[in-house]
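Just so we're aligned, residue 378 is where the sequence shown starts under my numbering, counting upward by one.
All residues carry an ideal CB built from backbone N, CA and C; glycine is no exception.
Report on the following structure.
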Amino acid sequence: MKRTKTRGAITLLSAGLSVHGCNSDPFATDKRSNVVLVTVDTLRADKLGAYGGDVATPHIDRVASAGVLFENTATVAPLTLPAHASILTGTYPMSHGVRDNGGYYLPSECVTLAEVLRDEGYATGAFVSAFVLDSRWGLDQGFQHYYDDFDFSQFEDVSLGSVQRPGNVVLDEALRFMERVESRPFFTWIHLYDPHTPYDPPEPHRARYAGKPWGLYDGEVAFVDDLIGRLTEWLEHSSLAKDTVLVILGDHGEALEDHGELDHGFFIYDATMKVPFIVAGPNVRNRGRRVSAQVRSIDLMPTVLDWLEIPVPASVQGLSLRPLVEGDVDTLELVAYGESYYPRGHYGWSELRSLRTDALHFIQAPRPELYDIRNDPAERKNQAPERPNEVTTFREELETLYQRFAADAVEQQAPVELDEETRRGLEALGYLGGSQHRVLPSVLADPKDKIELHRLVKTAEAEASAGRTEEALLSIERAIEADPKMVEAHRIRGDFYHRLRDPGRAAESYRTALSLEPGYKVAAFNLALLDLQAGRVDAAEAGLRRVLEIDPRDNKSHFLLAGIQIARRDFTSALETLDRAIESTSDTAPFYTSKAQCYLEMGNIEAAEASIHRALELNPDVPRAHHYLGWIREGRGDLAGAIEAYQNELDRFPHDPLTFVNLSAVYRQSGDLTSEIAVLERAIAAIPRAGEPYVLLGRAYLDAGQPQRARVLLRQGLALSPSPEIALLGRETLSTVESARDE
């Protein structure tokens, strides 16, 4: 499978690496500076050379030596989407409402750094490496160009973590963007996902770090350093370095077995919450300055705006680090808030929240934790039992801070209240348990006590990713036996049964998950998909509607629901569904294509053509758009135009039997038997299990005077169960061949 990793979270506020006078104001420039934000996912600060790490990172180290390095930077969450939402808005998760990856959307009311800079005349472009930061989650606000455009067809397993691409691909796109807009000030966000699992560094980094503990992770970090080097070299050679602000910031770290955690998301210790943060820019006065005071990732946005002398929006909750960058003060006495709702949302265990100062790290859990991070940076000795007064103070301060910033927060959408008839119907289909709302125990389990179960679930997922689904199933069964109420484990078991082609047990697992958590969207969607695949269309429709009650912006459910309505020839309802989807999602091109299909079936050619052109404006490679364009041209008698459109579709999607059939039909209309045969031969080579091309090719060979060849193809095609219309044509043509033979 193609290597398509999304590479991590270092943030570069691209500023020149050279120094222009040590006594000048680093924020005073004749020209408004460009800003390049590079976020590197899953990057531990203590891996970088500039932070004393053992991975060779000369390019990042060079940025640090030309700028300011923050030794103590805290992120807000050990998860990609919430962390980036905070970086780009300067606000806490309880304010913007994004608490986990997937299923959460940054509200349009939030003000992003991109929006502010766009309104100030900046060209804004974002280039992300992973589906977890796809524009559908709302981070595209303010970006005039947002490079996500993930091709899901090249992935065997489509999920938030699996759909990714290497950082060099993303960097190439970002450089092209900056080349086009360099006459204007620009804000470029480059997201590098490479240090994220699965660790798969290219050579020479794979060989260089082979044999080391976590050597593949180290190789990914070294690869990211290469990319940073390419970026800074390009800025210098383009004469942009002197006018560009550069910041390097991690979104979160990686546990690498610290506290028993394999990767990230579960705990909120410094292994995953302490991130690298480096700033370089025009006229930096204190070259090579290292700031030991604590800062936060939410301070990025106000710092950049202060640097550019642009007013900071009132919604921003971080503070400008300008006094620390300039060296006017040694500390701002900032307190960092952190959280992980992953244990609660995925397993039904307690969430974790924390406050971190320069000296102490307090973690609110069922059994609270307090660490002296100056003398115990690995956080091995929990001092909470010995310091109860400080624990009480921290707990009160944490609640005060939380309530202060959550007061104007975006509330999580409450579960939709269902009428009694709908509720009974969904219960009967397995989409609800006995209650519409999940009832959690009054005292939730402490994640510290569940780390081995979490590791077992992660092990099962890793085994499945490696193709060992039977082993994965045994692992997840052991996890469920240990904690039968672990909701996500039942969903994962359902996925494994689905891979093993056991839809009955898969559905049973999804229903169990929904009985434990009626609002569990993934299980509801997967169950609806099984119903649809089994031909239980009414049940699938009910399930998809349930998913949309849980998440009205779920575009997959909108798309499948519209498909059901189109199959029933209820085009009016389908158009209503598609319009709702277009209003609620950013990836709208496929919905315009489906609208074109509806309009074609309804005979509204003009509306169909307008929808196709809109789809192609949004995405020239959207499936079926060129196909429907060919259909329209064919209907108008523009055979040359139809051939061009169908060929464009096949160039993009060479395994579409219907497009092959239509293209061959156009050649037949035009009397070009040679091209008709050639197209159908291509179709059989591309999709050898489709019966239609064999039947049509058999007819073409009969017309070409080759009845023996026609007979073989017709029999092959009919054996492959083509559509009823083509099957009838095949039987009639075969009868003609056999009759001629008898004569």
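- Message: Which of the three DSSP states is assigned to Q521 in this structure?
- Response: In the structure shown, Q521 sits in coil (DSSP, three-state: anything other than H, G, I, E or B).
- How is L644 classed by DSSP in three states: helix, strand or coil? A small correction: the amino acid at residue 644 is Phe; Leu does not occupy that position in the sequence shown. F644 falls in the coil class under three-state DSSP.
- Evaluate H935 with the Cβ neighbour count: other Cβ atoms within 10 Å of its Cβ, from every protein chain shown; 16 or more gives buried, anything less gives exposed. buried
- Neighbourhood of P754 by C-beta, 8 Å cutoff - its chain only, sequence neighbours within 5 removed: D647
- Query: If you follow the alpha helix (DSSP H) that W566 is part of, which residue opens it and which one closes it?
  - Reply: From DSSP, W566 is part of no alpha helix (DSSP H) but of the beta strand (DSSP E) over F563 to L569.
- Of the listed residues L510, S731 and E1109, nearest to F644 (C-alpha basis): Across the set L510, S731 and E1109, the C-alpha of S731 shows the shortest separation from the C-alpha of F644.
- Query: With distances taken between CB atoms, is the gap from D908 to V914 smaller than 9 Å?
  - Reply: yes
- Message: I need the boundaries of the alpha helix (DSSP H) containing E492, first residue and last residue.
- Response: L490 to D496
- Query: DSSP on K825, reduced to helix/strand/coil?
  - Reply: Helix at K825.
- Quick one, are the C-beta atoms of R1039 and W1008 less than 9 Å apart? Just to set this straight, residue 1039 is Asn in the shown sequence, not Arg. Cβ distance < 9 Å, so N1039 and W1008 count as in contact.
- Message: Can you tell me where the beta strand (DSSP E) holding I625 begins and where it ends?
- Response: T621 to G627
- Message: Under DSSP, the alpha helix (DSSP H) around H1032 begins and ends at which residues?
- Response: Run containing H1032: none; DSSP gives neither H nor E here.
- Could you tell me whether any non-hydrogen atom of the ligand ATP is closer than 8 Å to the CB of E756? The ligand content of the structure shown is nil, which means the ligand ATP is not present either.
- Message: Below 8 Å, how does it come out for the stretch 480-491 and the stretch 513-527: are there three or more Cβ pairs, yes or no?
- Response: yes
- Beta-carbon proximity check, N759 vs Y748, cutoff 9 Å: yes
- Message: Classify H1003: buried if its beta carbon has 16 or more other beta carbons within 10 angstroms, exposed otherwise.
- Response: buried
- Query: R1086 to E1102, Cα distance in whole Å?
  - Reply: Taking the straight line from one Cα to the other gives about 22 Å.
- Task: Compute the Euclidean distance between the alpha carbons of F968 and S463, then round it to the nearest angstrom.
- Result: 30 Å
- Query: For I1061, which residues of its own chain have a beta-carbon under 6 Å away from its beta-carbon, when the five flanking residues on both sides are left out?
  - Reply: P1070
- Query: Contact check, L1106 vs V1072 under 8 Å by CB: the rounded distance?
  - Reply: Confirmed, about 6 Å.
- Query: Roughly how many angstroms lie between the CA atoms of L456 and T416, to the nearest whole one?
  - Reply: About 13 Å.
- Item | Spatial distance of A1096 from R1076 (CA atoms) | 16 Å
- From the DSSP output, read off the bridge partner residues of I740. S731 and E746
- Item | Neighbourhood of N1025 by C-beta distance below 6 Å, restricted to the same chain and skipping five residues each side | H1003
- Item | Given 8 Å, three or more beta-carbon pairs between the stretch 502-509 and the stretch 467-477 | no
- Task: Rounded to whole angstroms, what's the CA-CA distance from E894 to R923? Just pull it up for me.
- Result: 13 Å
- Which parts of the stretch 915-957 are runs of the alpha helix (DSSP H), unbroken and 4 residues or longer, counting only runs that do not cross its ends? 932-944
- Item | Run of the beta strand (DSSP E) containing I655, from where it starts to where it stops | K651 to A657
- Item | Span separating the alpha-carbon of P929 from that of F902 | 13 Å
- Message: When you compare the CB of Q1083 with every CB in chain D, is at least one pair closer than 9 Å?
- Response: In the displayed structure, chain D is absent; only one protein chain is listed.
- Item | Where the beta strand (DSSP E) through N411 begins and ends | Looking at the DSSP string, the run of the beta strand (DSSP E) that includes N411 is N411 to V417.
- From D735, P690 and E728, residue whose alpha carbon lies closest to that of E710: D735
- Rounded Cβ spacing between I655 and G426 (contact assumed at less than 8 Å): The C-beta distance from I655 to G426 rounds to 12 Å, too long to fall under 8 Å, and the pair is not in contact.
- Message: Going by DSSP, what residue range makes up the alpha helix (DSSP H) through N360?
- Response: With the chain represented from 378 up to 1120, any question about residue 360 goes unanswered, as that position is not in the structure.
- Between which two residues does the beta strand (DSSP E) containing V672 stretch? R666 to R673
- Beta-carbon gap between D418 and L593 smaller than 9 Å: no
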